[in-house]
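Numbering (the working numbering), first residue to last: 93 to 380.
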């Protein structure tokens, strides 16, 4: 935001380093919910407002040590990264005190078998080549930053849910579980696909189920999924819960958040306790 940048300059001048996020006006990402670098995005300062940025930086002698961009998540085409990089290079040449360029994230992981993922090696080769060329033009070496985010942790986490009810209707078979959008928001919020499997009955007969939660909306975790026969009490494993899982969880409908368990060196270790009803009331203030 230009006004915030001006406020930073007025308060701190050149006494603290400042990284500026640029909006490159690139539409990229798996869907509109996670595309954040386009012209209508709230994030960053428009690349077309660069002259105003330079004016503010000069007026207040702001120490700009980095430039940042992030176009979106679940990017599979390297073109978005490379195009964004060129725009960031063009902007960076206007600043003489840079220490790093941050290209954000957006790497796509596999959410189901055969899913397309970001070709990290290909992007790495292309970006390294263009970055080295830029540094030569800039006159010195800078640091190249990425924010791999869910690419590291998404597939490392599973949400284990218990089947409360199996319900046959005239059109569907529902597996109702003791979890919902309050624990894993992505399917409802982003219409994201998460692979689900029945780990209690791995040799059962395949059958079609819609896996649904216990929240008062239609919090469907997976629609029409081919699962091994699901019985009351069966544990279902929802994949890719390692990123944007617990961090987006909440207490909607006065539901409690689950425990977190780490599997390390062939041992299970509790790393976060299951919430209790007392936790829901902890910060409430009684009025006289």
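All C-beta atoms in this analysis are idealised placements derived from N, C-alpha and C, irrespective of residue type, glycine included. Predicted model only: the values in this text are computed from it and were never measured.
| query | result |
| --- | --- |
| Would you mind giving the Cβ-Cβ distance between residue 274 and residue 375, rounded to the nearest angstrom? I have them listed as a contact below 8 angstroms. | About 18 angstroms separates the two Cβ atoms, so there is no contact after all. |
| Report all residues from its chain with a CB closer than 7 angstroms to the CB of residue 367; omit the five preceding and five following residues, and keep chain order. | 348 and 349 |
| Determine contact between the segment 173 to 185 and the segment 218 to 233, defined as no fewer than three beta-carbon pairs at a distance below 8 angstroms. | yes |
| Please name the residue or residues paired with residue 362 in a DSSP beta bridge. | 353 |
| Using a Cβ-based criterion (distance less than 7 angstroms to any ligand heavy atom), does residue 237 qualify as near the ligand GDP? | Looking for the ligand GDP in the displayed structure turns up nothing, as the structure carries no ligands at all. |
| Can you tell me whether residue 152 is buried or exposed, with buried defined as 16 or more other CB within 10 angstroms of its CB? | buried |
| According to DSSP, simplified to helix, strand and coil, what is residue 387? | Since the displayed the chain opens at 93 and closes at 380, residue 387 lies outside it and no answer follows. |
| Anyone know if the C-beta pair for residue 191 and residue 235 falls short of 8 angstroms? | yes |
| Tell me, which residues are paired with residue 260 by DSSP? | 265 |
| Would you kindly work out how many angstroms separate the C-alpha atoms of residue 212 and residue 263, rounded to a whole number? | 43 angstroms |
| Beta carbon of residue 270, beta carbon of residue 259: below 8 angstroms? | no |
| Among the candidates 155, 189 and 201, whose CA atom is the shortest distance from the CA of residue 169? | 201 |
| Smallest Cα separation from residue 188: which of 154, 179 and 215? | 154 |
| For residue 122 and residue 209, what's the separation of their Cα atoms in angstroms? | With a pLDDT of only 46 at residue 122, under the threshold of 50, the placement of this residue in the model should not be trusted, and no figure is reported. |
| Evaluate residue 140 with the Cβ neighbour count: other Cβ atoms within 10 Å of its Cβ, from every protein chain shown; 16 or more gives buried, anything less gives exposed. | exposed |
| If I measure Cβ to Cβ from residue 96 and keep anything under 8 angstroms in the same chain, skipping five residues before and after, which residues do I get? | none |
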